[in-house]
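Shown next, in structure tokens, is the structure this report addresses.
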Amino acid sequence: MTNPLLGGAKRRGVWFEYACLLATWSALFFLAVLLLVILWQGTSHLSWEFLTSFDDRITPEKAGMLAGLWGSFWLMILTILFAVPVGVGAAIYLEEYSADSRLARIIQVNLSNLAGVPSIVYGILGLTVFVRTFGIFSKGALVERLVGHHVEGLYFAFGLHIPLPLKTTVISGALTLSLLVLPVIIVATQEALRSVPPSIRHASLALGATRWQTIWRQVLPASLPGIITGIILSLSRAIGETAPLIMVGAATFLRATPGDIETPAQMLTNPQGVMNAPFDEYTAMPIMVYNWAKQAQRAYQDIASAGIIVLVVVLLAMNGLAIFIRNRSQQHLRW
Amino acid sequence: MPDSMTTEPQFSLTPPTVNRSENAPAPATQRKAKLEARRLNFFYGENQALFDISMQIPERAVTALIGPSGCGKSTFLRTFNRMNDIIEGTRHTGEVLLEGTNIYDPRVDVVALRKRVGMVFQKSTPFPKSIFDNVAYGPRVAGVRDRAKLAETVESCLLRAALWDEVKDRLHDSAMALSGGQQQRLCIARALATEPDVLLMDEPASALDPASTARVEDLIFDLKSNYTIVIVTHNMQQAARVSDHTGFFYQGNLVEFGGTQALFTKPREKQTEDYITGRFG
């Protein structure tokens with residue numbers, strides 16, 4: 008073996024390739040084992056009743072996920088309402104309007120930092136700002152001294168009552184999750200806006216369109232698939248979050264849904280319930296799973312597995328939708 | 030007259046005799062000037078791109094701007110519709126006049142200016158919309174809602190851009206499906222839809238094959254009876270074919286400006302001669 012062409016370099020290359028292959032497969036292996044165990048434990052409890060009944064402390068067989076499903080649903084709806092306008096607006100400002108100033112660069116760096124902040128930190132923030140509203144509505148605190156009497160919130164027409172402080176309501180949880188996903192939405196939207204070629208903006212401006220018309224009629228439609236994909240992926244992070252929701256007081260055991268809306272049809276037949284839902288107590292899917300998993304009774308472990316299956320199916324559906332939108336837009340748009 | 034520029038009327042049929050340095054050749058024409066640059070200097074940050082340009086661009090004629098890459102001809106073209114404003118850190122001194130109005134006057138509405146001074150870019154940039162929506166874009170952003178009026182505008186602009194016969198049966202198909210030459214004519218039709226009287230063209234045929242180039246050149250020739258056209262081109266044959274007047278730029282200076290035929294056959298400046306005979310650039 009003195010021929011340098013037949014030396015060890017090639018063999019070392021092959022070894023490296025195998026090592027990388029092993030690394031890939033070991034990651035997939037553990038994921039597969041996890042999924043198999045969960046499916047093994049959980050499928051026997053999966054049924055229509057599991058999705059349509061409330062939790063049960065005494066008989067695990069009767070425990071269901073209804074409260075968590077609706078709680079997570081309301082959290083997502085409200086998170087979209089808060090985080091999407093603010094996140095997309097901030098991204099449009101940073102990409103399309105702000106000059107490349109020192110301040111803009113500082114904001115940009117800190118956005119990336121915020122995206123990496125542990126979710127429990129957002130939980131503490133939400134507890135102070137939303138759940139307790141800095142304590143200014145407490146007895147003898149700032150608002151009472153200013154107004155002269157105790158204020159329990161704001162009353163509007165149609166029976167809408169916004170309690171202040173927000174306490175442990177759906178709206179507190181959704182606002183906290185909004186803060187959590189906001190940096191992700193901003194960064195994803197910025198990338199989508201950046202992918203629209205400058206030539207499109209120039210062509211539009213040269214035709215006498217204003218900056219706003221150019222953004223609204225050209226840039227946003229062209230970047231919409233990317234923006235929606237980013238929003239869905241950030242929401243699928245939010246829907247699996249447990250820690251911040253525990254901090255802001257999501258109930259671990261609850262036999263009620265927000266606004267007492269228990270079927271999709273009631274969304275239409277019970278408008279008062281829809282109005283009340285954001286200000287109601289709630290629990291969420293990952294919270295229920297966490298609660299079941301720490302019960303002493305063995306049977307609750309299997310219920311937790313069934314809950315995980317439901318959560319994972321919802322997550323995969325959301326990610327699938329994001330991939331579908333991305334692929335569809337790639338077929339339609341090429342620059 | 031040391032500097033009669035400020036005292037002269039804004040337009041005269043006999044061009045002003047001021048500022049006749051080496052860089053400011055005699056105006057090429059007795060026609061009325063549509064556009065005029067007066068002692069224009071232009072800067073990208075610290076870099077000066079244009080040096081003391083004075084030039085009158087005659088109405089209803091084709092004026093070609095030629096010169097090697099980086100000579101400032103595109104920058105000069107973009108001052109006429111203030112597209113340079115988009116780039117951060119640019120500034121200028123001097124004036125650019127459209128029919129006697131300084132377009133850099135702070136009171137000038139840039140949006141209104143760009144409707145009067147249309148622009149066609151080097152790379153065709155159809156919007157990812159239908160052919161109809163592409164042409165109707167300018168009128169729509171200007172607030173036209175009437176469908177019949179939009180349809181009329183689209184048809185007449187596509188006719189003037191010599192594209193109507195090829196696309197009249199598929200106006201609602203995506204513009205992205207057109208060929209490169211068709212896309213460029215669509216961009217010309219789109220620019221006509223805002224009813225401009227000046228058309229700026231930045232190397233409009235440089236990305237096209239010879240047959241498509243010929244069609245665009247024919248189109249430019251047809252359009253000049255109604256529009257004032259300024260075209261930037263790398264291709265000297267093209268400048269000679271389509272233009273009435275030619276300005277030669279070199280390193281940010283306007284070296285020579287005159288009738289196209291005169292400039293190409295009897296250039297006054299050595300640099301012009303070297304460039305058009307292919308000795309550099």
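Line order of the protein sequences matches chains A and B.
Each residue of the first sequence is one higher than the one before, starting from 8 at the first, in our numbering.
Each residue of the second sequence is one higher than the one before, starting from 30 at the first, in our numbering.
Even glycine gets a Cβ: it sits at the ideal position worked out from N, Cα and C.
- Partner residues in the beta bridge of B:A66, as assigned by DSSP, are B:M84, B:V125.
- Neighbourhood of B:F156 in chain A, by CB distance below 8 angstroms: I207, A210, S211, Q225, in chain order.
- Sequence-distant Cβ neighbours of A:T236 in its own chain, meaning closer than 7 angstroms and more than five residues away, are A329, I332, R333.
- The stretch 225-241 of chain A and the stretch 204-212 of chain A touch, with no fewer than 3 CB-CB distances between them shorter than 8 angstroms.
- A:Q279 counts as exposed, since fewer than 16 other beta carbons sit within 10 angstroms of its beta carbon.
- Between A:P190 and A:L110, the gap from beta carbon to beta carbon reaches 9 angstroms or more.
- Within a 10 Å sphere around the beta-carbon of A:W81 sit 16 or more other beta-carbons, which makes this residue buried.
- Nearest CB-CB separation between B:K144 and chain A: below the 9 angstroms threshold.
- Here B:E124 has R67, N131 as same chain residues with Cβ atoms under 6 angstroms from its own Cβ, once five neighbours each way along the sequence are excluded.
- Under the 8 angstroms Cβ criterion, the stretch 202-211 of chain B does not count as touching the stretch 254-267 of chain B, having fewer than three qualifying pairs.
- Between A:A306 and the set A:I143, A:I65, A:S145, the nearest pair of CA atoms involves A:I65.
- Using a 10 angstroms sphere on the CB of A:A74, the tally of other CB atoms reaches 16 or more, which defines it as buried.
- Bounds of the alpha helix (DSSP H) holding A:F57 are 55-59.
- If one requires a minimum length of 3 residues, no beta strand (DSSP E) run lies completely within the stretch 197-239 of chain A.
- In the displayed model, A:D267 falls within a helix according to three-state DSSP.
- The beta carbon of B:K152 sits closer than 8 angstroms to those of A236, all from its chain and outside the five residues before and after it, given in chain order.
- A distance below 7 angstroms between beta-carbons, with the five flanking residues on each side excluded, links B:Y166 to the following residues of its chain, in chain order: F156, R219.
- Along the stretch 233-300 of chain B, the alpha helix (DSSP H) occurs as fully enclosed runs of 4 or more residues at 239-252, 265-271, 289-294, listed in sequence order.
- Note on geometry: alpha-carbon atoms of B:T262 and A:T221 lie some 28 angstroms from one another.
- Neighbours of A:D107 in chain B, taken as residues at a C-beta separation under 9 angstroms, are given in chain order as E117.
- DSSP places B:M205 in the helix class (H, G or I) of the three-state scheme.
- Contact check between the stretch 289-298 of chain A and the stretch 95-105 of chain A: fewer than three CB pairs, one atom from each, fall below 8 angstroms, which does not count as touching.
- The Cβ atoms of A:M292 and A:L261 lie no closer than 9 angstroms to each other.
- Rounded to whole angstroms, B:I95 and A:I239 show a C-alpha spacing of 51 angstroms.
- Judged by pairs of C-beta atoms under 8 angstroms, the stretch 240-259 of chain A touches the stretch 132-147 of chain A, as three or more such pairs exist.
- Taking a beta-carbon distance threshold of 9 angstroms, A:T217 counts as an interface residue toward chain B.
- Residue range 146-149 is occupied by the beta strand (DSSP E) that includes B:V149, with no alpha helix (DSSP H) assigned at that position.
- For a Cβ distance threshold of 7 angstroms, residue set L214, G215 of chain A lies close to B:G167, ordered along the chain.
- About 3 angstroms separates the beta carbons of A:L85 and A:A181, which is inside the 8 angstroms limit, making them a contact pair.
- Where B:A93 is concerned, there is no enclosing alpha helix (DSSP H), although the beta strand (DSSP E) around it starts and stops at 91-95.
- Counting only Cβ-Cβ distances below 7 angstroms, B:T130 has no contacts in chain A at all, with the closest Cβ about 17 angstroms away.
- Under the three-state reduction of DSSP output, B:F161 falls in the helix class.
- Rounded to whole angstroms, the Cβ separation of B:T257 and B:D226 is 6 angstroms, and the two are in contact under 8 angstroms.
- Considering only B:G74, B:E117, B:L142, the residue with the shortest C-alpha distance to A:T217 is B:L142.
- At the C-beta level, B:P87 and B:D202 stay beyond 9 angstroms of one another.
- Spanning the alpha carbons of B:I260 and A:E24 requires a straight line of approximately 57 angstroms.
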